[in-house]
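Position 100 (the sequence shown) corresponds to 215 in the numbering used here; numbering is contiguous.
Comments concern the structure below.
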Amino acid sequence: MDIFYFVIDLIIPLIMIISGAILKMGYLKKINSFIGYRTNRSKLSQQAWDFANKQLGNYNLKIGVILACTIVIFTILLPEKSKEWVVIYLFIEVIAVLVSIPLIEHKLKVYYDSK
């Protein structure tokens with residue numbers, strides 16, 4: 116097992132876990148253009164902003180933990196293949212991040228566009 120590749124593999128899941136915890140706890144109090152879940156729909160109202168950021172926090176926390184556990188398990192089971200798996204992990208991580216956008220936008224549309 117190559118420690119360098121193991122650490123590289125875990126960077127995105129760890130960022131997801133940390134950002135998920137921060138967003139879930141509600142540290143982003145006011146709508147802003149710099150940090151948080153920033154879409155036109157999420158910035159329509161403070162309620163939508165709070166809802167979207169908590170949803171993203173929940174999603175990031177869960178997916179980050181699942182990805183980190185999966186990477187650790189595969190690294191233990193297939194230590195000689197760690198270099199080959201870097202690109203596969205990265206692809207899966209990017210897809211996991213991108214999938215959150217339509218999921219949260221749909222929830223925002225259902226809960227806040229009708230009001």
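Even for Gly, the Cβ is constructed at its ideal location relative to N, Cα and C.
Next item on the list: Taking G179 as part of the alpha helix (DSSP H), name the residues at either end of that continuous run.
Entry: Residues Q161 to L192.
Notebook entry, point to check: P217: buried (16+ other C-beta within 10 angstroms of its C-beta) or exposed?
Noted result: Classified as exposed, P217 has fewer than 16 neighbouring CB atoms from the shown chains inside 10 Å of its CB.
Note to self: Please report the distance separating the alpha-carbon of V187 from that of I178.
What the structure shows: Whole-angstrom Cα-Cα distance: 14 Å.
Next item on the list: Look at L176 and K222 and say whether their C-beta atoms are less than 8 Å apart.
Entry: The answer is no: Cβ separation not under 8 Å.
Note to self: Tell me which residue opens and which closes the alpha helix (DSSP H) that L129 is part of.
What the structure shows: The continuous alpha helix (DSSP H) containing L129 extends over residues I118 to K139.
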